[in-house]
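Protein chains: 2
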Amino acid sequence: MTLQSLYTGETWQKLRARAEVMNQPQNHLKHLIAEPNRLNAFSLTAADVFYDFSRQRLDTITLELLFELARVRRALEKFSAMTKGEKLNVTENRAALHTATRDFSSTSLYLDGKDILSEIREVNRQIKAFSDQVHGGMICGCTGKRFRHIVVIGIGGSYLGTEFVSTALKSYADRGIDLYYLSNVDIHNFGAIVREIDPEATLWLIISKSYTTPETLSNEGLARAFMAEKGIDPSKHIVTVTGKGSPGDNPANPVLQSFNMFDFIGGRYSVCSAVGAVPLSLYLGYEMFERFLKGAEAMDSHALHSPIQENMPLVAALIAIWNNNFLKYPAQAIIPYSAPLAKLAPHVQQLNMESNGKMVNTEGVFMEEPCGTIIFGEPGTNAQHSFFQLAHQGRAFPIEFIGVIHPLFPQYRTLSKGVTNHQELWANLLSQPMALATGKEDADPARYFPGNRPSSTLILKDLSPENVGKLLSFYEARTVFEAFIWGINPFDQFGVELGKVLAGEIRKEMAARNKDSTHSLDSADPITRFYLEMLFSE
Amino acid sequence: MTLQSLYTGETWQKLRARAEVMNQPQNHLKHLIAEPNRLNAFSLTAADVFYDFSRQRLDTITLELLFELARVRRALEKFSAMTKGEKLNVTENRAALHTATRDFSSTSLYLDGKDILSEIREVNRQIKAFSDQVHGGMICGCTGKRFRHIVVIGIGGSYLGTEFVSTALKSYADRGIDLYYLSNVDIHNFGAIVREIDPEATLWLIISKSYTTPETLSNEGLARAFMAEKGIDPSKHIVTVTGKGSPGDNPANPVLQSFNMFDFIGGRYSVCSAVGAVPLSLYLGYEMFERFLKGAEAMDSHALHSPIQENMPLVAALIAIWNNNFLKYPAQAIIPYSAPLAKLAPHVQQLNMESNGKMVNTEGVFMEEPCGTIIFGEPGTNAQHSFFQLAHQGRAFPIEFIGVIHPLFPQYRTLSKGVTNHQELWANLLSQPMALATGKEDADPARYFPGNRPSSTLILKDLSPENVGKLLSFYEARTVFEAFIWGINPFDQFGVELGKVLAGEIRKEMAARNKDSTHSLDSADPITRFYLEMLFSE
Numbered sequence: 001m002t003l004q005s006l007y008t009g010e011t012w013q014k015l016r017a018r019a020e021v022m023n024q025p026q027n028h029l030k031h032l033i034a035e036p037n038r039l040n041a042f043s044l045t046a047a048d049v050f051y052d053f054s055r056q057r058l059d060t061i062t063l064e065l066l067f068e069l070a071r072v073r074r075a076l077e078k079f080s081a082m083t084k085g086e087k088l089n090v091t092e093n094r095a096a097l098h099t100a101t102r103d104f105s106s107t108s109l110y111l112d113g114k115d116i117l118s119e120i121r122e123v124n125r126q127i128k129a130f131s132d133q134v135h136g137g138m139i140c141g142c143t144g145k146r147f148r149h150i151v152v153i154g155i156g157g158s159y160l161g162t163e164f165v166s167t168a169l170k171s172y173a174d175r176g177i178d179l180y181y182l183s184n185v186d187i188h189n190f191g192a193i194v195r196e197i198d199p200e201a202t203l204w205l206i207i208s209k210s211y212t213t214p215e216t217l218s219n220e221g222l223a224r225a226f227m228a229e230k231g232i233d234p235s236k237h238i239v240t241v242t243g244k245g246s247p248g249d250n251p252a253n254p255v256l257q258s259f260n261m262f263d264f265i266g267g268r269y270s271v272c273s274a275v276g277a278v279p280l281s282l283y284l285g286y287e288m289f290e291r292f293l294k295g296a297e298a299m300d301s302h303a304l305h306s307p308i309q310e311n312m313p314l315v316a317a318l319i320a321i322w323n324n325n326f327l328k329y330p331a332q333a334i335i336p337y338s339a340p341l342a343k344l345a346p347h348v349q350q351l352n353m354e355s356n357g358k359m360v361n362t363e364g365v366f367m368e369e370p371c372g373t374i375i376f377g378e379p380g381t382n383a384q385h386s387f388f389q390l391a392h393q394g395r396a397f398p399i400e401f402i403g404v405i406h407p408l409f410p411q412y413r414t415l416s417k418g419v420t421n422h423q424e425l426w427a428n429l430l431s432q433p434m435a436l437a438t439g440k441e442d443a444d445p446a447r448y449f450p451g452n453r454p455s456s457t458l459i460l461k462d463l464s465p466e467n468v469g470k471l472l473s474f475y476e477a478r479t480v481f482e483a484f485i486w487g488i489n490p491f492d493q494f495g496v497e498l499g500k501v502l503a504g505e506i507r508k509e510m511a512a513r514n515k516d517s518t519h520s521l522d523s524a525d526p527i528t529r530f531y532l533e534m535l536f537s538e
Numbered sequence: 001m002t003l004q005s006l007y008t009g010e011t012w013q014k015l016r017a018r019a020e021v022m023n024q025p026q027n028h029l030k031h032l033i034a035e036p037n038r039l040n041a042f043s044l045t046a047a048d049v050f051y052d053f054s055r056q057r058l059d060t061i062t063l064e065l066l067f068e069l070a071r072v073r074r075a076l077e078k079f080s081a082m083t084k085g086e087k088l089n090v091t092e093n094r095a096a097l098h099t100a101t102r103d104f105s106s107t108s109l110y111l112d113g114k115d116i117l118s119e120i121r122e123v124n125r126q127i128k129a130f131s132d133q134v135h136g137g138m139i140c141g142c143t144g145k146r147f148r149h150i151v152v153i154g155i156g157g158s159y160l161g162t163e164f165v166s167t168a169l170k171s172y173a174d175r176g177i178d179l180y181y182l183s184n185v186d187i188h189n190f191g192a193i194v195r196e197i198d199p200e201a202t203l204w205l206i207i208s209k210s211y212t213t214p215e216t217l218s219n220e221g222l223a224r225a226f227m228a229e230k231g232i233d234p235s236k237h238i239v240t241v242t243g244k245g246s247p248g249d250n251p252a253n254p255v256l257q258s259f260n261m262f263d264f265i266g267g268r269y270s271v272c273s274a275v276g277a278v279p280l281s282l283y284l285g286y287e288m289f290e291r292f293l294k295g296a297e298a299m300d301s302h303a304l305h306s307p308i309q310e311n312m313p314l315v316a317a318l319i320a321i322w323n324n325n326f327l328k329y330p331a332q333a334i335i336p337y338s339a340p341l342a343k344l345a346p347h348v349q350q351l352n353m354e355s356n357g358k359m360v361n362t363e364g365v366f367m368e369e370p371c372g373t374i375i376f377g378e379p380g381t382n383a384q385h386s387f388f389q390l391a392h393q394g395r396a397f398p399i400e401f402i403g404v405i406h407p408l409f410p411q412y413r414t415l416s417k418g419v420t421n422h423q424e425l426w427a428n429l430l431s432q433p434m435a436l437a438t439g440k441e442d443a444d445p446a447r448y449f450p451g452n453r454p455s456s457t458l459i460l461k462d463l464s465p466e467n468v469g470k471l472l473s474f475y476e477a478r479t480v481f482e483a484f485i486w487g488i489n490p491f492d493q494f495g496v497e498l499g500k501v502l503a504g505e506i507r508k509e510m511a512a513r514n515k516d517s518t519h520s521l522d523s524a525d526p527i528t529r530f531y532l533e534m535l536f537s538e
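Line order of the protein sequences matches chains A and B.
Mapping of the first sequence onto our numbering: residues 1 to 538, in sequence order.
Mapping of the second sequence onto our numbering: residues 1 to 538, in sequence order.
Below, the structure is given as structure tokens:
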């Protein structure tokens with residue numbers, strides 16, 4: 001099938017017309033879900049994950065049109081090309097091979113003449129050996145103390161994914177090691193962490209592909225000053241994860257060990273690379289990390305090999321586009337009914353908003369309609385007692401509910417109103433999508449619920465490392481599928497550059513003033529100058 | 001001035017027309033901010049807080065129209081009526097007197113014939129005495145151990161505000177007491193906390209106005225079972241904060257102490273009542289809590305006594321309405337460049353979205369345009385490395401930046417690129433609003449920044465308890481001012497009721513099945529039944 005252009009293509013036009021139909025009262029969700037066989041026809045199971053989109057505002061005709069959109073926009077072909085190393089990151093002329101980091105099935109994968117699978121596996125062997133040696137006490141701090149505190153210095157993609165996984169799998173952390181994230185350049189972040197750690201038992205893990213990120217370098221500087229003050233040898237307490245040949249991989253600046261970060265893996269897709277592998281192996285043990293990888297591989301394999309109509313992340317991407325471009329919802333919430341998944345929303349917030357918050361397509365043509373969605377979320381039931389008032393009676397936004405069948409802590413079986421805590425949680429997980437969908441008539445307008453508010457529900461069997469890996473891969477695949485359909489590049493992020501440039505100019509003024517208290521700040525614009533004077537005069 | 005009706009009123013119409021003008025290219029923010037005196041004309045200082053709205057998409061004419069809107073909608077009069085005890089919560093026939101909780105200036109305030117100021121002060125005296133006795137070791141656990149762990153059991157407004165304040169003021173916590181929040185009914189929440197606490201040194205603080213919240217009762221049940229298992233006398237380890245005569249204030253069920261929660265203070269406005277006073281006094285000492293109250297009082301006093309054009313929270317409310325209804329931004333981000341303020345956005349998310357996510361006005365008439373905004377946020381610079389790509393080049397949303405002049409931890413002065421960490425943070429705090437406002441031309445569309453993206457900047461001198469109190473009051477006042485202008489009731493939340501009703505029905509089915517494994521689930525709708533079978537069959 002030839003590639004159909006996005007907005008002028010026949011399918012997009014048909015979907016627009018379909019949205020008008022779906023906006024009519026007879027297609028209110030309360031009617032749609034009353035149809036026999038609704039759940040069966042609008043749900044999928046893959047890699048033991050259940051995905052229910054029966055309470056999305058679509059019918060069979062809409063769904064078929066969305067499948068057609070995936071076909072004419074060649075979503076599956078692009079996904080396959082991505083996993084084979086095609087340089088889909090066109091603006092930076094790079095491949096996007098995060099799926100290779102968890103590919104246990106293939107024997108080789110060549111990129112620019114090199115077998116990157118063997119390179120990845122070699123790095124993983126090094127990480128396994130290193131973490132085993134740390135856990136076994138063969139690698140210790142400079143005073144002989146075992147490492148008990150790991151401080152990850154890294155920002156954005158260098159920690160958000162890892163934080164999601166380490167929070168989700170915290171109950172597996174049995175290595176006597178605590179993990180801290182020093183992401184923000186804010187001195188409060190550093191100050192709060194050094195109050196908690198034992199310098200002799202602390203390993204500083206500095207993660208930056210380019211090793212030029214100002215926040216990370218500032219924090220490394222503080223860490224080194226802190227170690228100097230405490231008499232700690234930094235070459236025995238610093239590990240780096242960075243690109244080959246970066247300033248962090250410099251023999252003149254010796255560190256305990258340096259692990260390679262490949263340029264074909266972007267920050268927000270890097271959890272399964274050394275970026276996540278080093279901290280997660282130290283925190284959980286390499287075996288747990290590998291189980292996590294295997295879960296991600298299972299979902300990758302599903303995304304790669306399933307036809308459109310059975311392809312869970314692709315269907316989720318199509319629904320996201322339907323909600324965004326056709327039903328015109330500007331935002332989406334992710335609400336896991338599982339406290340350990342509390343950091344999923346912040347991770348997906350970066351993954352999706354940074355990948356797809358774009359205004360040009362891969363040919364450099366401006367998009368006619370906004371792509372990219374505002375993603376936010378908190379765990380349920382907390383979110384119900386926070387912002388669900390708006391979801392039910394105010395501005396509508398689609399919600400992705402996530403449930404877990406088997407909780408940890410099965411020993412607590414106390415009943416309240418006849419049910420366990422976990423059952424109470426599920427009573428809410430089940431009631432919310434239904435309340436949002438159906439609404440309720442009421443003579444009192446303040447108690448009237450319009451309903452027709454769409455949601456999906458994802459169910460995991462439990463919070464095993466494998467299932468957390470599947471969730472990670474699901475959201476990665478969903479994100480790139482959205483981009484492939486829109487025809488945008490989900491792997492660059494030029495939108496963050498301008499702020500960096502302006503910050504660099506301001507930093508220069510500050511540095512000059514630090515050196516010379518009479519340095520004039522007149523070259524800054526009046527508003528910026530006002531703030532600089534405010535900061536320096538205090 | 002007579003009350004002008006909202007949408008058909010002359011002012012609303014003029015604002016609509018003005019939005020068309022402001023949407024024209026000559027009113028791009030890069031032009032607006034270039035005007036001489038821009039910052040001075042579009043900023044305010046109150047209670048030592050600086051509020052800069054120079055990079056909002058408004059000019060003097062717009063601002064005058066917004067002031068007129070506040071006048072014709074009687075925003076200040078309603079605020080004043082609120083603080084005097086008028087029953088503005090019309091659907092529940094209640095006053096909204098959270099400002100009374102920090103009123104140190106008045107001598108009395110009568111509501112329904114009772115002086116509530118003396119009642120509030122009496123409760124605060126009890127709280128001071130109680131926390132002093134806990135800190136002094138006069139009140140201990142049943143085995144004589146001092147209390148070192150406080151577990152707050154409460155959800156929504158019973159913890160979100162307290163969590164914001166306790167996180168912001170963590171560095172003042174010198175009483176050897178750790179604070180845990182058991183909000184979610186999710187057993188993972190309970191399981192993770194009981195791994196950390198010493199049962200003999202743990203005080204359980206149960207917070208619920210009605211004492212009927214299922215999540216809170218479930219968690220109380222678990223806490224009691226846990227104490228029974230550990231041989232702890234619950235009457236010596238439980239404290240309640242609840243309404244008079246609620247099931248939590250029942251002499252038949254003795255607790256260590258019970259503090260009164262007044263029905264004229266709503267959950268999301270309750271941080272300054274016993275809801276926040278008990279945990280924060282235990283965590284920080286009552287004196288610190290009182291300093292926090294005094295800061296809130298200062299901002300209340302400003303909001304109550306300042307004319308419209310100098311009234312900081314009112315101007316912020318007007319700008320929020322301008323962005324929402326006229327420039328049509330559906331969401332707003334709150335980005336504090338201060339890690340201790342990390343829990344501000346989740347608090348304001350509840351405060352604002354639950355207050356103003358409404359579809360009817362106080363007369364019970366449906367609103368013609370959406371009110372209520374999606375609020376989300378993470379600290380900067382973290383947010384820059386997460387979702388700011390979308391802010392700069394994707395879907396635009398207004399941002400509220402927050403900066404703090406003096407950080408804690410002044411001892412860390414290491415320079416990186418010539419600046420301290422705190423200066424690096426400020427370089428970013430200053431560059432982002434400017435980059436968003438001005439944008440940048442570029443021949444390469446992928447590197448083009450459209451700019452014209454609005455933001456405000458709030459500056460605090462430091463993170464003192466007083467300043468955190470001002471911030472709390474600022475957002476409370478801003479929220480109710482929005483509601484007063486729209487003419488909606490910001491104090492009820494009927495939108496959360498339908499989910500509760502449906503959850504109750506599902507809970508009943510679960511309880512019946514727990515008692516009798518042959519209980520049929522056929523009375524549930526097919527989708528819900530499917531999930532119930534899934535949960536019970538595993």
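All C-beta atoms, glycine included, are put in the ideal place defined by N, C-alpha and C.
If you run the structure through DSSP and keep just helix, strand and coil, what is K328 of chain B?
If you number the second sequence from 1, residue 328 of chain B lands on position 328. The answer is coil: DSSP assigns K328 of chain B none of H, G, I, E or B.
I need the straight-line Cα distance from N325 of chain A to G394 of chain A, nearest angstrom please.
Walking along the first sequence from the start, residue 325 of chain A turns up at place 325. Walking along the first sequence from the start, residue 394 of chain A turns up at place 394. The straight-line gap from Cα to Cα measures roughly 20 Å.
Under 8 Å by beta carbon: chain B residues contacting W204 of chain A
Numbered from 1 along the first sequence, position 204 holds the residue referred to as residue 204 of chain A. Those within 8 Å of W204 of chain A in chain B number zero; the least Cβ separation is about 14 Å.
Interface residues of chain A facing T240 of chain B [CB-CB closer than 7 Å]:
The sequence position of residue 240 of chain B within the second sequence is 240, counting from 1. Within 7 Å Cβ-Cβ: nothing; T240 of chain B doesn't reach chain A, min ~16 Å.
Spatial neighbours of G403 of chain A within its chain, please: CB distance less than 6 Å, with the 5 preceding and 5 following residues excluded, ordered by chain position.
For this step, residue 403 of chain A is matched to residue 403 along the first sequence. Within the same chain, G403 of chain A has close Cβ partners Y337, L429 and I459.
Take every Cβ of the segment 132 to 151 of chain B, pair it with every Cβ of the segment 229 to 239 of chain B, and state whether three or more of those distances are shorter than 8 Å.
yes
Measure the Cβ-Cβ separation of P340 of chain A and A173 of chain A and say whether it is below 8 Å.
Taking the first residue of the first sequence as 1, we reach residue 340 of chain A at position 340. Taking the first residue of the first sequence as 1, we reach residue 173 of chain A at position 173. No.
If you pair each beta-carbon of the segment 250 to 258 of chain B with each one of the segment 436 to 444 of chain A, do three or more pairs fall below 8 Å?
no
Under the three-state DSSP convention, the category S282 of chain A falls into:
What you label residue 282 of chain A is simply residue 282 of the first sequence in a count that begins at 1. Here residue 282 of chain A turns out to be Leu, not Ser, going by the sequence shown. L282 of chain A: helix per DSSP, three-state reduction.
Excluding the five sequence neighbours on either side, which residues of its own chain have a C-beta within less than 7 Å of the C-beta of K461 of chain A, listed in chain order?
As a position in the first sequence, residue 461 of chain A is number 461, starting the count at 1. The answer, listed in chain order, is D48, I405, H406 and N467.
In the structure shown, what three-state DSSP assignment does Y7 of chain A receive?
The count along the first sequence starts at 1 and reaches residue 7 of chain A at position 7. In the structure shown, Y7 of chain A sits in coil (DSSP, three-state: anything other than H, G, I, E or B).
Using the beta-carbon of each residue, which ones in chain A are nearer than 8 Å to R447 of chain B?
In the second sequence, residue 447 of chain B corresponds to position 447, counting from 1. What R447 of chain B touches in chain A: F494 and E497.
Leaving out the 5 sequence neighbours to the left and right, which residues in its chain are closer than 6 Å to L222 of chain A when beta-carbon positions are compared?
Your numbering for residue 222 of chain A matches position 222 in the first sequence. Excluding residues within five positions, the ones whose Cβ falls inside 6 Å are F190.
For F147 of chain A, which residues from the same chain have a beta carbon less than 8 Å from its beta carbon, with the 5 sequence-adjacent residues on both sides left out?
Numbered from its first residue, the first sequence carries residue 147 of chain A at position 147. V134, I139, C140, G141, I177, A201, T202, L203 and L282.
Beta-carbon proximity check, M353 of chain A vs F387 of chain B, cutoff 8 Å:
For this step, residue 353 of chain A is matched to residue 353 along the first sequence. For this step, residue 387 of chain B is matched to residue 387 along the second sequence. Closer than 8 Å, so yes.
Nearest candidate by alpha-carbon position, reference E482 of chain B, set B:G380, B:Q432 and B:C371
Locating residue 482 of chain B in the second sequence gives position 482, where the first residue counts as 1. Answer by Cα proximity: B:C371.
Residue range of the unbroken alpha helix (DSSP H) whose run includes V72 of chain A:
Locating residue 72 of chain A in the first sequence gives position 72, counting from the first residue. Counting along the chain, the alpha helix (DSSP H) containing V72 of chain A begins and ends at T60 to V72.
Nonlocal neighbours in the same chain, by C-beta distance under 8 Å from F262 of chain A, ignoring five residues either side:
Residue 262 of chain A sits at position 262 when you count from the first residue of the first sequence. Once the five neighbours on either side are set aside, the close Cβ partners of F262 of chain A are L97, I116, E119, I120, G243 and S273.
For the candidate residues A:Q350, A:Q384, A:L284 and A:F259, whose alpha-carbon lies nearest to that of P433 of chain A?
Numbered from 1 along the first sequence, position 433 holds the residue referred to as residue 433 of chain A. Cα-wise, what sits closest to P433 of chain A is A:Q384.
For D492 of chain A, name the three-state secondary structure that DSSP assigns.
The residue labelled residue 492 of chain A in the question sits at position 492 within the first sequence. Coil at D492 of chain A, not helix or strand.
Closer than 8 Å to chain B by CB, W12 of chain A:
As a first step, residue 12 of chain A must be located in the first sequence, where it is residue number 12. Taking Cβ atoms only, chain B never reaches closer than 8 Å to W12 of chain A, which makes this a no.
Could you say if the segment 4 to 15 of chain A and the segment 23 to 35 of chain A meet the contact criterion of at least three C-beta pairs nearer than 8 Å?
no
Work out the CA separation of M288 of chain A and D132 of chain A for me, nearest whole Å.
On the first sequence, position 132 is the one that residue 132 of chain A refers to. On the first sequence, position 288 is the one that residue 288 of chain A refers to. Those two C-alpha atoms are separated by around 12 Å.
Mark D112 of chain B as exposed unless 16 or more other C-beta atoms lie within 10 angstroms of its C-beta, in which case mark it buried.
On the second sequence, residue 112 of chain B is found 112 positions in, with the first residue counted as 1. Flag for D112 of chain B reads exposed.
Does the segment 476 to 493 of chain B touch the segment 310 to 326 of chain B, meaning 3 or more C-beta pairs lie closer than 8 Å?
yes
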